[in-house]
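Written out below as structure tokens is the structure these notes cover.
Residue numbers (this note's numbering): 8 to 220.
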């Protein structure tokens with residue numbers, strides 16, 4: 008056996024093994040760029056800012072309800088004042104709708120309702136008030152009608168609208184006779200820019216449900 012050759016082979020293998028160990032350590036050792044990038048990424052996740060909480064808490068009643076002090080308006084999309092204004096608008100409109108005289112111009116009749124209705128309703132009212140047949144009948148019988156209204160119920164409501172059932176009561180005097188008539192209306196009132204106006208109206212038995220908004 009050649010001892011010198013055997014010793015040389017062992018030394019060669021030992022040198023190769025040592026070189027591999029050094030290479031492995033070098034590859035495993037974190038480089039400056041890699042270390043910096045790896046440190047920044049988790050930091051961004053950990054310091055992410057959560058979305059801000061709403062400035063106003065959602066509506067509702069979190070505390071135990073007290074039947075003696077229950078405020079229904081906290082569960083409605085609008086407060087007591089808005090609700091009352093909407094109701095007054097519906098009631099006032101039905102009263103004005105049933106009030107007219109044979110000797111007044113149609114525009115005078117329309118002007119009483121104009122502040123209470125949206126443009127679309129006003130256009131429909133103007134078409135009806137200007138009807139030749141209606142005007143002739145009122146003038147021939149010298150018809151005078153006085154309207155009033157009774158709020159009966161709330162049919163439905165949405166975020167910006169409420170539909171009331173209103174009974175219109177009309178006292179009529181004419182050469183053809185006098186009397187009192189009543190009719191039930193579904194009147195939808197909608198908030199437009201802070202003002203409540205009649206958005207639509209129809210006989211209550213037709214099924215007017217209001218504006219779904």
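All residues carry an ideal CB built from backbone N, CA and C; glycine is no exception.
Asked	Found
Where in the segment 156–194 do unbroken runs of the beta strand (DSSP E), each at least 3 residues long, occur, reported from the N-terminal end onward?	168–181
Straight-line CA distance for residue 209 to residue 192?	6 Å
Counting only runs that start and end within the segment 73–127, where is the alpha helix (DSSP H) found for 4 or more residues in a row?	87–104, 113–120
How big is the Cα-Cα spacing for residue 92 and residue 85?	11 Å
What is the C-beta distance between residue 213 and residue 194, in whole angstroms, given that I count them as a contact (C-beta under 8 Å)?	The Cβ separation is near 12 Å, so there is no contact.
With a threshold of 6 Å on Cβ separation, who are the neighbours of residue 107 within its own chain once the five nearest residues in sequence on each side are excluded?	116, 152
Pick helix, strand or coil for residue 135, following the three-state DSSP scheme.	helix
With distances taken from CA atoms, which of 101, 79, 76, 69 is nearest residue 159?	101
Rounding to the nearest angstrom, what Cα-Cα distance links residue 206 and residue 87 in this structure?	20 Å
Let me know if residue 77 comes out buried or exposed under the rule of 16 or more other beta-carbons within 10 Å of its beta-carbon.	exposed
Can you give me the Cβ contacts of residue 188 inside the same chain, cut-off strictly under 6 Å, excluding the 5 residues immediately before and after it?	177
Count the other C-beta atoms from every protein chain shown that fall within 10 angstroms of the C-beta of residue 104, then say buried if there are 16 or more, exposed otherwise.	buried
In the DSSP assignment, find the unbroken beta strand (DSSP E) run with residue 205 in it and report its ends.	202–210
By DSSP's criteria, residue 197 is part of a beta bridge. Which residues make up the other side?	168, 204
Based on the DSSP secondary-structure assignment, which residues constitute the bridge partners of residue 152?	107, 179
Thinking C-alpha only, which one of 123, 113, 80, 74 is nearest residue 204?	123
If you run the structure through DSSP and keep just helix, strand and coil, what is residue 144?	helix
Excluding five sequence neighbours on each side, which residues of the same chain lie with their C-beta closer than 6 Å to the C-beta of residue 150?	109, 181
Short check: CB of residue 171 to CB of residue 179, under 9 Å?	no
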